[in-house]
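Asks: The structure is given below, and queries will be raised subsequently.
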Amino acid sequence: MIPACPIAALPRGEALRIETDPPIAVFHTEDGELYAVDDTCTHQDASLADGWLEGCEVECPLHASRFDLRTGRVDAPPAKLPVRTHQVVVRDETVYVVPSDLPPNLPPGVRTGSA
């Protein structure tokens, strides 16, 4: 598990970026739910943590593709591939992310340090 932040440091409606490889974005929805996805849009290199959070979707700040935080599914072009999701655990008032074992769907030209 990767520690993200104290739960009190991530207000509802906000997101934060964890500098992992690739980076992970953690979202705290207005309903109080916590989600984590790869922080990079699958269409082009843009931080989803900088996007617009509405319900359980985040809109990429670059070209407005929207990703479902629960499934990673994209529902608006130009992105075509889903974003990878990760499990979120809250323990002792700290938010942790359990990274997925699946390979990331990174945009063209973006690679992980291990690739």
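In terms of my numbering, the sequence shown has 135 at position 74, counting the first letter as 1, and numbering is strictly consecutive. By construction, the Cβ of each residue, glycine as well, lies at the ideal position given by its N, Cα and C atoms. Since the model is a prediction, treat every value here as computed from it, not as a measurement.
1. Where are the alpha helix (DSSP H) runs, 4 residues long or more, that stay fully inside the segment 77-106, in chain order?
2. On the three-state DSSP scale, how would you describe LEU71?
3. Between ILE85, GLU115, THR101 and SER108, which has its C-alpha nearest GLU91's C-alpha?
4. Please state the DSSP three-state secondary structure of LEU114.
5. Could you pull out every residue in the same chain whose Cβ sits closer than 7 Å to the Cβ of GLU130, ignoring the five residues on either side in sequence?
6. Would you call the CB atoms of PRO168 and CYS66 closer than 8 Å?
7. I believe ALA76 touches ALA86 by the beta-carbon criterion, under 8 Å. Please report the beta-carbon distance rounded to the nearest angstrom.
8. Count Cβ pairs between the segment 140-147 and the segment 155-162 that sit closer than 8 Å; are there 3 or more?
Replies: Judging by the given coordinates:
1. none
2. coil
3. GLU115
4. strand
5. It should be noted that the sequence gives Leu, not Glu, for residue 130. Once the five neighbours on either side are set aside, the close Cβ partners of LEU130 are PHE88, TYR96, VAL98, CYS117, GLU118 and VAL119.
6. no
7. 5 Å
8. yes
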